[in-house]
Structures are given as C-alpha cells and as structure tokens.
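Worksheet for the structure shown next.
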Amino acid sequence: MFIIQDCSPEIEYLNIATETQGSLFNVTAIAQSATVLTRDHNVSVPSSPRAIRYDISVAVVAALDFILNCILLQVLCLCGVVGNALNIVILSRHGCRKPTNILLTSLSVSDLLFSVTQSLSRAWSIVARFDLNSALTLNSMYVVYVRSWNEAALTISIYQVTMIALVRLLAVCCPLHVHRIVTPLRVKFLTCAIYIILVVLHSPIQFMYEIRWVPVIGNATVADYQPSHFYVSHTDGVNFYIAAILSNARSSVPLTTVSVCSIIIILRLSISNKLLDKQSDSIKKKARSIKSVKMLLTICFILMFLVLVPTTTFEAYISFGPDKAQLSCRLKIVVLYLSNILFQFSCSVNFVVYVTMNSKFAKTYKQLFCSNQKPSPQKRKSFEK
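Everything in the sequence shown is counted per the numbering used here, starting at -19 for the first residue and increasing by one.
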C-alpha cells in the first residue's frame, strides 16, 4: 500500500475537498473543511498549479472516490470478511497437523484482519456525504488508532504467501526431505514470529500522530490528528524508515522471493510432467493429486503478482520517476485508490480460488453449508494430500 496516504497535508486537503463536491455538500462545508486543515497543518490552498503536467479534474476524483471507495472497496471488504471467515471454519475442520493447513489458515486470519481494517480506512468517505464533522473525526480516529494495524495485516498477508512459496519450493526441489524440514511445529513457530515481528516493525506508525479536538463552525468540535512529539523529534528518521525500509520490505523483498520460487516451481513441474508419462497409473494418480495443490498455490502467487507488480511500479514511479514533480496530488490520490482496490482484491479472492481449484475444500464447504451431511472426524484430511 502506498505510504503517500495521510503523509501530505495538501493531499489530505484535496481529499476532503473532493468529498465535499456535488449535490450533498455546499460551499460552507468546503470552507469548513479547509479551515480545519489549514489551521492545524498550515496548509494553503494552491491558487495555481506548480508545473503540473499530469492532472485530472476534481469532479473525476470525486466520482472515482464514490465508485471505488464507497462501493467497490466496501463490497470487496465484505467479500473478504465473509470469505476468509469461511476459509478459517473449513480449514479448521481439517486440523493443524499439516504445514499447508497451518499456512492457509494463518493467511486467512491476516486477510480477515486486513479486510476489516481496510473497510474502516475509507468508511469516512461514505460518512462525509452526510456529516462532514463526523467524517473528519472518523478519519482521524482511523489514522491514529487503526492505520498501523491495517498496514501490519497487509504485510503479514504478503509474507504468508511468501512463506507458502518457499514451502512449495522445498516440496518440489526436496520431496524426500520436505516433511522432515517443514514440520507443523516449525511452521507454527515461524507463523507466530511473522505476526510478532511485523507488528513490531509497524509500531512507529502507531506513534506518528495524536488526536486533538478543535472547534469548527457551528459550535461543534471535531477530532483532528496532528504530528506527535515522537514524530516531530524524529521526522527524518521515521520518514526514511517508512519509505526506504518498510516499503521495500513489503514490496520488493516478497516480490523477488515469490518470483524466483514460482519460476523454479514451474520449471520443476514441467520436467516432472515429462517424467510422469513414463510412470505407472498409480504413481500418476498420486502425482496429479500433488500437482493440483501446487496449481492452487501457484494461482495464489499469480494473484500476488497482479497486485505487487503494478503497485510497486506505481510507487517507484511516483517516488523516483523523472516526472514525479509533474504529478498532481489528485492523480496520486487516484493511484492510492486503485492500490487499495488491488490489495483488497488479493485478500478477498482466496475463497473463490480454494472452492474452484481444490475438490476437498469444495466438498467440505458443501457438507458444512450446503447439506445436512457433516464430515466425520475420521475423514478429515489435509489439503496437502
């Protein structure tokens, strides 16, 4: 996810301003939002473009905000919450005796957390169309108290998929030793370590801002976030940590790892397919069962590529591209909207992938929710088999 969100007062002003365009708000509401933001952040409304070459109109940003944030993102978040909750229920029926089940369950948990917090991240876009003061308060509460957990949940999901890629690589390259190397206890330990380490790494975001209640027009007060004493005292260090270390740890490192693992897995599978033609039918049947699981996990890797490649490219261009100074804040806001949609899509689609690509998962789903027949404990098997 792009770190440009909430880091620039000008972007935040334009974000609020675009929310107040249209039939639901008037000029008084626009002036009210500008008063709060300019007083608290010393923001001046730009009167003329600063050598802006690439720009879009305020009306287009407002329309995209309504379509992407108020409708599409919320639908994807709802699908993510329901789908990942079903994943956890179905995967738990098969126990935690196999590393694959543990990893898929852990991925579903982090995707569920991200879907919930991601819905809250843009809930204020909906509220702003009815009550601007409440929207400002809701956004400030999210930035101060929830944003770090949202960022951490996303990074955890990315590293869960990276861990799955590494396990699949071991299974393909070292099939005789993988069960001895990748044990359930070790996988549980690594999974817990990923959660703890990444939450700690995102903890500086939790202390960047603090709430301040400010008066606005109409004898009302709104909660506004301002830089904390910690952030003011360590601005350069925190900004460098987020932009150079945390951003690369969430994008470049897992993208490179998953890319290398996927290429090796595809090459190994292509060689295995040639060898299977010479094997007996029983061995072929067992190999096809294993390949179906590998194909399922490969689909997850492809989904990550569809998200990480474009978002990493956009982020690199915005930060280091030759035309970065000519990109308007409104255009960066739209890129942020699209980035949020892509990440949420990757966290919402796994249930569909599991049902369509794994027969045992689909069978358990039908037994639990589509019929009165319940799977017996003796028939609980791992999706890895």
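In this text, a Cβ means the ideal position worked out from N, Cα and C, and glycines have one as well.
Is the distance from the Cβ of isoleucine 36 to the Cβ of arginine 310 below 8 Å?
Locating residue 36 in the sequence shown gives position 56, counting from the first residue. Locating residue 310 in the sequence shown gives position 330, counting from the first residue. One thing to note: isoleucine 36 has its Cβ within 8 Å of the Cβ of arginine 310.
Quick check on the DSSP output: the alpha helix (DSSP H) that includes aspartate 45 runs from which residue to which?
The residue given as residue 45 occupies position 65 in the sequence shown. Counting along the chain, aspartate 45 falls outside any alpha helix (DSSP H), and DSSP gives it neither H nor E.
Whose C-beta lies closer than 6 Å to the C-beta of cysteine 59 among residues of the same chain, with five residues either side of it excluded?
Numbered from 1 along the sequence shown, position 79 holds the residue referred to as residue 59. The residues are Ser328.
Going by DSSP in three states, isoleucine 389 sits in which element: helix, strand or coil?
Residue 389 lies beyond the residue range present for the chain, which begins at -19 and ends at 365; the question has no answer from this structure.
Around the Cβ of valine 25, are there at least 16 other Cβ atoms within 10 angstroms (buried) or fewer (exposed)?
Here residue 25 is taken as the residue at index 45 of the sequence shown, counted from 1. Model confidence at valine 25 stands at a pLDDT of 41, short of 50, so the residue's coordinates are unreliable and nothing is read from them.
Any chance you could list the alpha helix (DSSP H) runs of at least 4 consecutive residues sitting entirely within the region 37 to 107, in chain order?
38 to 44, 53 to 72, 79 to 101 and 103 to 107
Any heavy atom of the ligand FMN closer than 7 Å to the CB of threonine 236?
Ligands in the displayed structure: none, and consequently the ligand FMN is not present.
For valine 240 and alanine 151, what's the separation of their Cα atoms in angstroms?
Start at 1 with the first residue of the sequence shown, and residue 240 comes out as number 260. Start at 1 with the first residue of the sequence shown, and residue 151 comes out as number 171. If you take the alpha carbons of valine 240 and alanine 151, they lie about 15 Å apart.
For phenylalanine 46 and tyrosine 122, I'd like the C-alpha separation in whole angstroms.
Translated into the one-based positions of the sequence shown, residue 46 becomes position 66. Translated into the one-based positions of the sequence shown, residue 122 becomes position 142. For phenylalanine 46 and tyrosine 122, the distance between alpha carbons rounds to 19 Å.
Roughly how many angstroms lie between the CA atoms of isoleucine 225 and lysine 343, to the nearest whole one?
As a first step, residue 225 is located in the sequence shown; it is residue number 245 there, counting from the start. As a first step, residue 343 is located in the sequence shown; it is residue number 363 there, counting from the start. So the alpha carbons of these two residues sit roughly 43 Å apart.
Using beta-carbon positions only, say whether leucine 178 and isoleucine 136 come within less than 8 Å of one another.
Looking up residue 178 in the sequence shown gives position 198. Looking up residue 136 in the sequence shown gives position 156. Result yes, Cβ atoms of leucine 178 and isoleucine 136 sit closer than 8 Å.
Output the residue ranges of the beta strand (DSSP E) runs that lie fully inside the region 150 to 199 and measure 3 residues or longer, sorted by chain position.
Fully enclosed beta strand (DSSP E) runs of 3 or longer: 189 to 196.
Do you know whose CA, among Trp104, Pro79, Ser232 and Trp129, lies nearest leucine 118's CA?
To locate residue 118, count along the sequence shown from 1; it is residue 138. Nearest of Trp104, Pro79, Ser232 and Trp129 to leucine 118, Cα basis: Trp104.
Taking only three categories from DSSP, how would you classify aspartate 216?
As a first step, residue 216 must be located in the sequence shown, where it is residue number 236. In this structure, aspartate 216 counts as helix in the three-state DSSP scheme.
Between Gly198, Val194 and Glu190, which lies nearest to histidine 209 when the distance is taken from Cα to Cα?
In the sequence shown, counting from the first residue as 1, residue 209 sits at position 229. Minimum Cα distance to histidine 209 is reached at Glu190.
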